[in-house]
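Peer 1:
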Amino acid sequence: MGYKDSPKRIGVLTSGGDAPGMNAAIRAVVRSGIYRGFQVFGIRRGYEGLLNGDLYEMNLRSVSDIMSRGGTILQTARSKVFNTPEGVKRAARMAEMFKLDAIVVIGGDGSFRGARDLSKEGVNVVCIPATIDNDIGSTDYTIGFDTALNTVKDAIDKIKDTAFSHERCSVVEVMGRGAGYIALNCAIADGAEACILPEKEFHIDTDIIQPIIGCRNRGKHHYIVIIAEGVGGTMEIAKQIEEITGISTKATILGHLQRGGSPTVKDRVAASLMAVKATEVLANNDGNKIIAMKNEQYIAIDIDEGINMKKYIDETMIETSKMLSL
Ligand code: ATP
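Residue numbers for the sequence shown follow my numbering, beginning at 2 and rising by one.
#1: May I have the straight-line CA-CA distance separating Met2 from Gly34, to the nearest angstrom?
#2: Distance check for Leu327 and Gly234, CA to CA, integer angstroms please.
#3: Just to confirm my understanding: we take Lys154, look at its own chain, exclude 5 residues before and 5 after, and list those with CB closer than 8 Å. What are they?
#4: At a cut-off of 7 Å, would you count Val13 as near the ligand ATP, judging by its Cβ distance to the nearest heavy atom?
#5: For Tyr57, write down the residues that DSSP places opposite it in a beta bridge.
#6: Identify whether Gly17 lies in helix, strand or coil by the three-state DSSP scheme.
#7: Among Ile11, Ile300, Met318 and Ser65, which residue has its Cα nearest to the Cα of Phe39?
#8: Kindly give me the distance between the Cβ atoms of Val89 and Glu49, rounded to whole angstroms, as I take these residues to be in contact under 8 Å.
#9: Helix, strand or coil for Lys159, going by three-state DSSP, please let me know.
#10: Please return the same chain residues whose Cβ sits closer than 7 Å to the Cβ of Thr246, not counting the five positions on each side in sequence.
#11: On the criterion of 16 or more Cβ atoms from any shown chain inside 10 Å, does His223 qualify as buried, or is it exposed?
#12: Just mark Asn218 as buried or exposed, buried being the case when its beta carbon has 16 or more other beta carbons within 10 Å.
#13: Quick one: grab the DSSP three-state call for Met176.
#14: From what residue to what residue does the beta strand (DSSP E) around Pro130 run?
#15: What does a CB cutoff of less than 8 Å around Met68 pick up in its chain, not counting 5 residues either side in sequence?
#16: Cβ of Thr265 within 7 Å of any heavy atom in the ligand ATP?
#17: Going by beta-carbon coordinates alone, are Leu198 and Ala229 separated by less than 8 Å?
#18: Between the beta-carbon of Arg157 and the beta-carbon of Val172, is there less than 8 Å?
#19: For Arg62, does the count of other Cβ atoms within 10 angstroms reach 16, so buried, or fall short, so exposed?
#20: Which residue from Ser166, Ile300, Val175 and Ile319 puts its Cα closest to that of Ile254?
#21: Below 8 Å on the Cβ atoms is my guess for Ser120 versus Asn289; work out the distance and round it to an integer in Å.
#22: Would you mind giving the Cβ-Cβ distance between Thr132 and Pro21, rounded to the nearest angstrom? I have them listed as a contact below 8 Å.
#23: Could you give the uninterrupted runs of the beta strand (DSSP E) lying entirely in the region 217-305, keeping only those of 3 residues or more?
#24: Tell me whether Ala190 sits in a helix, a strand or coil according to DSSP, three-state version.
#25: Within the present structure, is the beta-carbon of Phe146 separated from the nearest heavy atom of the ligand ATP by less than 7 Å?
#26: When DSSP builds the beta bridges, which residues end up paired with Ser171?
#27: For Ile104 versus Ala96, is the C-beta spacing smaller than 8 Å?
#28: Should Tyr48 be counted as a contact of the ligand ATP given a C-beta to heavy atom distance under 7 Å?
#29: Does the ligand ATP have even one heavy atom less than 7 Å from the beta-carbon of Arg114?
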């Protein structure tokens with residue numbers, strides 16, 4: 002058997018922030034890859050592991066019983082060394098040394114930019130969008146978003162119980178980096194009285210105080226204000242609400258609990274279908290693609306094109322959130 006006939010060797014890594022459903026994606030890359038006749042290698046700790054040649058061959062049983070677990074069995078990292086032209090060259094050299102025909106990168110937009118840089122060094126890459134933030138322009142959906150929404154919803158439901166009992170205002174900071182998708186969806190799902198997004202300029206009087214006073218005049222006695230992390234200043238906002246309105250106000254920063262937990266059905270299915278699409282691209286001798294969900298369909302977009310796509314916050318959702326909190 003000549004080299005050309007030998008099985009394709011593909012690497013898989015998870016990079017950037019972890020997201021529930023990454024394990025389901027790894028499992029589906031390994032299983033569908035082996036189904037298509039590939040040898041599949043797990044690369045530990047994202048690009049850091051690639052730089053160090055830290056990889057191992059995976060088999061069908063390497064991914065048993067991981068689907069229900071949050072996090073990533075391959076672990077992840079934010080590699081400073083890789084994020085330099087020399088780092089990318091070294092990583093490409095390592096991929097060549099291990100004779101990897103392609104690398105499947107599961108991660109967020111930073112990880113995709115890293116993959117694009119690798120592709121310029123001759124490494125074939127396929128990217129699978131996984132981040133709780135849902136902030137990748139090329140795809141309507143990213144793995145982990147639904148699980149994070151449900152985690153935040155559960156937390157705010159609990160905060161609401163105590164806010165009701167004490168007739169309080171609760172200010173809740175949710176994750177999302179520079180994007181407000183978690184904040185806005187949870188504002189609708191939890192009926193927040195105000196929601197502050199990094200995509201929109203805000204003024205405390207018009208966007209928080211007036212809605213709260215309006216709600217109080219209409220008979221409400223407790224209030225939820227959601228602040229996306231990209232806005233910042235959550236503690237200070239809570240202090241100002243209390244000072245201006247006289248309403249007892251507590252701030253909660255939900256933090257990293259939003260990244261963990263067993264993935265929802267939606268995330269397991271999306272991860273599985275995106276990963277199978279990724280190995281299909283490679284089976285067709287194609288590559289340098291981002292797998293995306295567009296209008297409920299899974300498609301492969303050219304990486305150079307996909308990386309420059311922008312995503313915008315849905316104005317109808319903002320209006321809906323305001324209308325329903327009256
Ligand atoms: P999340 O959105 O969940 O935080 P992410 O993939 O966007 O995930 P980043 O920390 O931005 O997370 O990126 C992950 C890794 O990708 C970085 O640590 C770095 O090694 C690499 N990377 C990020 N940006 C670039 C870039 N512009 N060029 C090359 N590599 C990059």
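The beta carbon of each residue, even a glycine, is placed where N, CA and C say it ideally should be.
Peer 2: Taking the definition as stated:
#1: Taking the sequence shown and counting its residues from 1, the one referred to as residue 2 is at position 1. Taking the sequence shown and counting its residues from 1, the one referred to as residue 34 is at position 33. Bear in mind that a pLDDT of 34 at Met2, under 50, signals an unreliable position, so the number given afterwards is only what the model happens to contain. Each residue's Cα considered, the two are about 20 Å apart.
#2: If you number the sequence shown from 1, residue 234 lands on position 233. If you number the sequence shown from 1, residue 327 lands on position 326. Between Gly234 and Leu327, the C-alpha separation is close to 25 Å.
#3: Within the sequence shown, numbered from 1, the residue matching residue 154 stands at position 153. Only Cys187, Ala190 and Asp191 meet the Cβ criterion.
#4: Here residue 13 refers to the residue found at position 12 when the sequence shown is read from its first residue. The answer is no for Val13.
#5: Locating residue 57 in the sequence shown gives position 56, where the first residue counts as 1. Answer by DSSP bridge pairing, in chain order: Gly43.
#6: In the sequence shown, counting from the first residue as 1, residue 17 sits at position 16. Three-state result, Gly17: coil.
#7: Taking the first residue of the sequence shown as 1, we reach residue 39 at position 38. Measuring from the Cα of Phe39, the nearest candidate turns out to be Ile11.
#8: What you label residue 89 is simply residue 88 of the sequence shown in a count that begins at 1. What you label residue 49 is simply residue 48 of the sequence shown in a count that begins at 1. No, Val89 and Glu49 are not in contact; Cβ-Cβ is about 13 Å, not under 8 Å.
#9: Position 158 of the sequence shown, counted from the first residue, corresponds to residue 159. DSSP, reduced to helix, strand and coil, places Lys159 within a helical segment of the structure shown.
#10: The residue labelled residue 246 in the question sits at position 245 within the sequence shown. Cβ within range, chain order: Ile210, Ile213 and Ile214.
#11: In the sequence shown, the residue the question calls residue 223 occupies position 222. Counting Cβ neighbours within 10 Å, His223 comes out buried, since at least 16 surround it.
#12: For the purposes of this step, residue 218 is taken as the residue at position 217 of the sequence shown. By the neighbour-count rule (16 or more Cβ atoms within 10 Å), Asn218 is not buried but exposed.
#13: Here residue 176 refers to the residue found at position 175 when the sequence shown is read from its first residue. It is coil, neither helix nor strand.
#14: Residue 130 sits at position 129 when you count from the first residue of the sequence shown. Val126 to Pro130 is the span of the beta strand (DSSP E), which, as asked, contains Pro130.
#15: As a position in the sequence shown, residue 68 is number 67, starting the count at 1. Excluding sequence neighbours, Met68 sits near Asn24, Ala25, Arg28, Pro264 and Arg269.
#16: Within the sequence shown, the letter at position 264 stands for residue 265. Checking every heavy atom of the ligand ATP against the Cβ of Thr265, none is found closer than 7 Å.
#17: Taking the sequence shown and counting its residues from 1, one reaches residue 198 at position 197. Taking the sequence shown and counting its residues from 1, one reaches residue 229 at position 228. Yes, these two residues count as a Cβ contact at 8 Å.
#18: On the sequence shown, residue 157 is found 156 positions in, with the first residue counted as 1. On the sequence shown, residue 172 is found 171 positions in, with the first residue counted as 1. With the sequence shown as reference, residue 157 is identified as Ile, and Arg is not the correct amino acid for it. Taking a C-beta distance under 8 Å as the contact criterion, Ile157 and Val172 do not qualify as a contact pair.
#19: Indexing the sequence shown from 1 puts residue 62 at position 61. Looking at its Cβ environment, which holds fewer than 16 other Cβ atoms inside 10 Å, Arg62 is exposed.
#20: As a first step, residue 254 must be located in the sequence shown, where it is residue number 253. Taking only the C-alpha atoms, the option nearest Ile254 is Val175.
#21: Reading the sequence shown from its first residue, position 119 is the one you call residue 120. Reading the sequence shown from its first residue, position 288 is the one you call residue 289. Their Cβ separation, rounded to whole angstroms, is 5 Å, which keeps Ser120 and Asn289 in contact under 8 Å.
#22: On the sequence shown, position 131 is the one that residue 132 refers to. On the sequence shown, position 20 is the one that residue 21 refers to. With a Cβ gap of about 11 Å, Thr132 and Pro21 do not count as contacting.
#23: You should have 224-229, 250-254, 290-295 and 298-303.
#24: Within the sequence shown, numbered from 1, the residue matching residue 190 stands at position 189. Annotated three-state conformation of Ala190 is helix, per DSSP.
#25: Your numbering for residue 146 matches position 145 in the sequence shown. Because no heavy atom of the ligand ATP lies under 7 Å away, the Cβ of Phe146 does not count as near it: no.
#26: Numbered from 1 along the sequence shown, position 170 holds the residue referred to as residue 171. Answer is Ile225 and Lys251, bridged to Ser171.
#27: Here the question's residue 104 lines up with position 103 in the sequence shown. Here the question's residue 96 lines up with position 95 in the sequence shown. Against a cut-off of 8 Å, the Cβ pair of Ala96 and Ile104 comes out as a contact.
#28: For the purposes of this step, residue 48 is taken as residue 47 along the sequence shown, with counting starting at 1. True, at least one ligand heavy atom lies under 7 Å from that Cβ.
#29: Residue mapping note: residue 114 aligns to position 113 of the sequence shown, counting from 1. For the ligand ATP, at least one heavy atom lies less than 7 Å from the Cβ of Arg114.
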